[in-house]
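Reading through the structure tokens given below for one structure.
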Amino acid sequence: MPPKAKPSTENMKQKSLMGWLSKGPDATPAKSNASKPALKAPSASKSKPKNLRTPESTKPDIRVLNSSASVSSFGDGSIKDTPPTSDPIDVDMLSEEEDSPRKRSRISKGGGKRKLAYKDDSDEGTRASSTTGGSEPPSSPLQSKSRAKKPRLSAPPSDDDEDDQEVTASFSKRLTHFKKSPKKKGSRSTASSDDDDFIAPSDSDDDAKSVKSRSSGASRRSLGPDTDFDDEDEDSGKKKKSRPAPKKASSSKNTSTAASGGNFSFLTAAERREQDKKNEKKSGEDPYAFLADVKDKDGHRPGDPKYDPRTLYIPNRVWKEFTPFEKQFWEIKQNHYDTILFFQKGKFFELYEDDARIGHQEFDLKLTQRVKMSMVGVPEMSFEFWAAKFLGKGYKVGRVDQAETALGAEMRLATDKGKGKPKGGEKEKIVRRELNKVYTNGTLVDPAMLTDDHAGHCISIREVESDGGSNNTFGVCVLDCATSQFDLSVFQDDICRTKLETLMRQIRPKEMLFTKGQLSVSTTRLLKAVLPAACLWTSLREVEGFDYEDTMKELASLYPADKGDMDEDDDSVLPRTVPQPIREMAGSKPPIEALGAMIWYLRQLNIDKDILSMKNFNVYDPMKRGQGLVLDGQTLAHIEVLLNNESTSEGSLLQLLSRCITPFGKRLFRIWLCMPLREVSDINARLDAVEDIMDHPTFEQEFTEVAKGLPDLERIVSRIHAKSCKVKDFLKVLGAFKKLSRGFNSLADTSEKFKSKTIQGLLRNAPDLLQNIKNVEAMYVKPSEKDANELVPQDGKDEAYDTIMSEIAELEEELDGELKKFEKKIGCKLNWWHSAIGNKEIYLVETSAGQKDIPKDWTKNGGTKAKTRWHVSSLQKSVRALKEARETRNTIMKAFKNRVFEEFDSDRGIWLRAIRVFAELDCLFSLAKSSSVLGEPVCRPELVEGDSAFVDFKDLRHPTLAISANMKSFIPNDVRLGGDAGRIALLTGPNMAGKSTVMRMTATGIIMAQLGMLVPAAKARICPVDAILTRMGAYDNMFSNASTFKVELDECCKILRDATPKSFVILDELGRGTSTYDGMAIASAVLHELATHTLPLSFFATHYGSLTDDFRYHPNIRNMYMSNIVDEEKRDIVFLYKLIDGVATSSFGTHVANLAGVPLEVVERADLVSKKFAQQFKERLEAKQSQRATSRFPLVAQADFAYLYGLATGKIELPQDPMRQKLMLTLLKKTVQNYTKH
């Protein structure tokens, strides 16, 4: 992935600088920086010479010699002390004469002609390289004071100004062609700043940071030395073999270059050879050519619709020039070009090339050079921190681990050589590294990177379009990587994509996987509108992923059948070893292809085996009609169940009610809230449990003690299965399950005193975990807190471990015996010294600092003032054997740890069942805690069985507003729908009067009651509803290409189609998105359909006053309004926020306008127009009624009589639902009676 382009003024600054240097003799020189004197020519003569001759050496200007720009560090100066330079130095200033102080003195005093001599030496050319630019400017006094100053002549001698001008112009031209080269390993720093006299210091360090320099090879790694044994072999050591030697440039090339650019005209033949060598070196250190023109493996460039950003094309010829480490890096990078790869090098993780430049740009990580590759590095211990930072910026992150240690690599090579295996080339001589995994925001598993306790889902979608696109079929695979849980779903959706929207709002995925060009335009627009802004869209090409047939083959290979497992009578195309939910979906292509795409993607991330082997698959239905209270996507948004209208959790129902302690409890409670209960018996059982908890405060304290400190067991069980869990975390899990098992027994004993048996039954069904834990712990020795990083097998549990430990003990005993022999020989007390880090320096003999009679074969290895450490060559064979034995022990220990994890994982079902029980108990406590903070009045809802729903709340309050600190008081309201009252409340009244709040409050009360908790009301009596359907708010949908009115009608259509007599419907100001008459007609028709045929419980809020007159005789409609007090003189209105029976006299729009601060003259004019319009409408309606007898009956009444006539003549049939038939006939009978009375 190439780094993002950043604006830079470097080119512009360089161009103006070169222009200043290249001015002709008549040009006025620019003013120099005050801190850096400009170069002055030695000769001040202005007359032109008659004949050209070799210039005589003259005394240099003292200001030039004292200038920090003309000073360089030689000899003793280290490369890190070399001042950064903006451009390379002149080669003719590097002759051998300058290394002699006597010769430099002779030149400075000079009275005779200066003889120009050059040495044709490649090392000198290398030492002429400059280091990378730093934060200090080239002439910084802070840097120049710290090194020895050696006066240098920075300009050739001349007799007149004309020659000086020509020389200066020549120098300025050459500056644009010289490039910096990295310092060879072992060479001394000889970077000069002679040309600094021609370079203005940088005004800002930021300019240098924004430009990627290819010549920073001399920079040091700021993080410390690499601990790998293969550093030299991987990088510089193999460079001579991998890359062809530079070819000597021909003189014709030099001639042509000089003729074309004039850059070599000032150089001698020796200097030209030096320049050719530098050019050759520079060409070898240019950026990789294939990065200059990026292509994917198929040859497509960025911008091409077929371009694959995940791959990178690397020509075959380039591989021959790579070092072993470069081959290792690019073999992985070419398949993960869009991923930031962290390569492990010893105790560091390093980023190279484009990844390094991105790290430098995004987080200002120090950018250095590693031979040819740009590099930034971070310590191994901070990998999770930096990976999370890159993920937060939207990047993918890959981790490449060392598959062996340096010693392990040496042992492998020795073993291969002993077995006579063929050599693998230079590549096999370096430490092996493998791609561990690739991290994305939707597939995170590591706890350090998971930002919250809620599930982070990755979703794969497959869409099959139907004719017209009105009933498309969707196959969905949802994955929570942290728990390895798959949810498969297939459904046929409507044109509004109701089920898909509900699914997306419920799970809120962090990453979406789809095939490019496969989703329809309508679906894409909906997803853009619904998905979180941080959701990662991952597109696959058509050739990527698995189709139906390939997925079935993959599943058969992932879960191979045992012998005799496939029955002849079994029609299933998959063996029984495949999880049952997949087998249920096998007959449908969309979900299987969605699963195939997910499997393919997980394989690219290198996490497929660990997750798929869990076999944690479920069938998911986003709506679950008939099983619970359905809250579709629009309802979740309008009622603000999960998020508020600003897409945050502030003030949402989830934030109010979720008071779980454990992470797995929080995830389960979110599922409960999205799908409340429907069966009366289930709701009452949950209410009994909540009341028992509230009546026994000590029970809550006991539960809190058990839950306190529990880790996220559900996620850690998944990591143990994947063998990616740390030993310390594994021991914590076993301790947590012990605590959980004892807690279950203690809580069950306490719950025996409860009135209901709900909690006791739940706890008694929890499995006994102690026996399983004891079985696992019997495999290893219980470690102490200090040694909690490894599991040691019990004696006799691991034969290989016992053997290697015996060998280690023998070697250690042998070395201790040798130490005693040395003590007798030398005649003093000796000790072993071991390095505290790693296994590299062990068994060094430690003596007193002044100890005499040290054997000659001992080599001093270091020490302190009091002690000296010695390297004993005669012991190295035994020490080497001990190192190899310890390395073997580590391998055996790792294998043993994996066996312990496998033993634990064999009882995975038991562990997960215990977690589920505790999560349900946590959710019950959450409902009890939420019920206790609602304030007064609060009550237990009374649930009634029935064929049609009804609600009856007394003094109902909105829970979120009632407990809000900003709300001083909340006016409760009585809400009654269904039963003896009308099923539909036709709600009128002014804006801001509280109509929307009452409707949302009623929906929230129903959700809380069916969730199984107390309700913020004095009394609550309901017959459970099966769905809550809403149409609220005036908004358009830019992404769906829908206007406000179109959105209204789409949602209205869903309500008329899905509502039943047991549903609760909210319609807020339907028809306001179009003209007055069209809106009124649509609102009237929809209201009549709901009241006469659909028959749900409904709130129908409107500003169309004529609807109240048209439906005043309808027995199923109840007129209600929000009361207020109006002062016509002051044009003021006071809202009482009380819901009462009747019809609002007006919408009082002009009064609200006055409250909003609209100018008084505008309000008065609007009031006049409003009254005149209302009078004209009333007169026109009365005239029509007097002219026609049919006009005396409202249109809705005429529609009812027409329907009855159709039923009588057989032209119309009653609905098939018996309950709806009964309700309709009863309602029509009452309607006729009401109309005939009036």
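Under our numbering, the first residue of the sequence shown carries the number 3, and numbering increases by one thereafter.
Heads up, the beta-carbon is just placed ideally off N, CA and C, and yes, glycines get one too.
By the CB criterion at 7 angstroms, E556 and I601 fall inside the cutoff.
Residue range W860 to G865 is occupied by the beta strand (DSSP E) that includes G865, with no alpha helix (DSSP H) assigned at that position. Fewer than three Cβ pairs drawn from the region 407-419 and the region 456-476 lie within less than 8 angstroms of each other, which leaves the two stretches out of contact.
Inclusion of L437 and I334 in the CB contact set at 7 angstroms is warranted, their separation being smaller than that value. Per DSSP, reduced to three states, the secondary structure at K329 is helical. Short of 8 angstroms from the beta carbon of I509, and not among the five residues preceding or following it, lie these beta carbons of its own chain, in chain order: A457, H459, I461 and V480. For the pair V682 and L979, the CB atoms are not nearer than the 7 angstroms cut-off. In this structure V1160 is exposed. Its beta-carbon is surrounded by fewer than 16 other beta-carbon atoms within 10 angstroms. Around the beta-carbon of E642, 16 or more other beta-carbon atoms lie within 10 Å, marking it buried. Inter-segment contact for the region 1025-1032 and the region 690-697 is absent: fewer than three beta-carbon pairs are separated by less than 8 angstroms.
Residue pairing of C941 in beta bridges, as defined by DSSP: V1017. Between G444 and L505, the gap from beta carbon to beta carbon reaches 7 angstroms or more. Around G981, the same chain offers F952 as residues with beta carbons nearer than 6 angstroms, after the five sequence neighbours per side are excluded. Here A1103 is near D1070, since their CB atoms are less than 7 angstroms apart.
Ranked by Cα distance from P1217, the options H1095, H1153 and V1234 are led by H1095. Between R766 and I917, the alpha-carbon positions lie close to 14 angstroms from each other. In the DSSP annotation of this structure, the continuous segment of the beta strand (DSSP E) that includes I342 starts and ends at T341 to K347. Across the structure, T1004 and N747 are spaced so that their CA atoms are roughly 41 angstroms apart. Annotation: the region 780-850 contains the following complete segments of the alpha helix (DSSP H) (minimum length 4 residues), in chain order: 801-828. Between M1015 and L929, the gap from beta carbon to beta carbon is short of 7 angstroms.
Counting only the Cα atoms, P534 lies some 16 angstroms from T442. Straight through space, the alpha carbons of V621 and D455 are spaced by roughly 23 angstroms. Bounds of the beta strand (DSSP E) holding E465 are H459 to V466. Rounded to the nearest whole angstrom, the CA to CA distance from T1062 to K740 is 49 angstroms. In this chain, the beta strand (DSSP E) harbouring V1067 covers S1065 to D1070.
A contact between stretches requires three or more CB pairs, one per stretch, nearer than 8 angstroms, and the region 659-678 meets this requirement with the region 630-646.
The C-alpha of S559 is placed about 20 angstroms away from the C-alpha of H723. About 6 angstroms separates the CB atoms of V478 and I463; that is less than 8 angstroms, so the two are in contact.
In this structure, DSSP gives G711 a state outside helix and strand, which the three-state scheme calls coil.
Around the C-beta of G361, 16 or more other C-beta atoms lie within 10 Å, and the residue is accordingly described as buried. Straight through space, the alpha carbons of M616 and G1073 are spaced by roughly 52 angstroms. For the alpha helix (DSSP H) assignment, the uninterrupted runs of no fewer than 4 residues enclosed by the region 974-1031 are, from N- to C-terminal side, 997-1013.
Two segments are said to touch when three or more pairs of C-beta atoms, one from each, lie closer than 8 angstroms; by this definition the region 717-733 touches the region 603-618. In the DSSP assignment, H873 falls within the beta strand (DSSP E) that extends over K869 to V874. Per the DSSP secondary-structure output, R1114 pairs with nothing in a beta bridge.
When secondary structure is reduced to three states using DSSP, D957 falls in the strand class.
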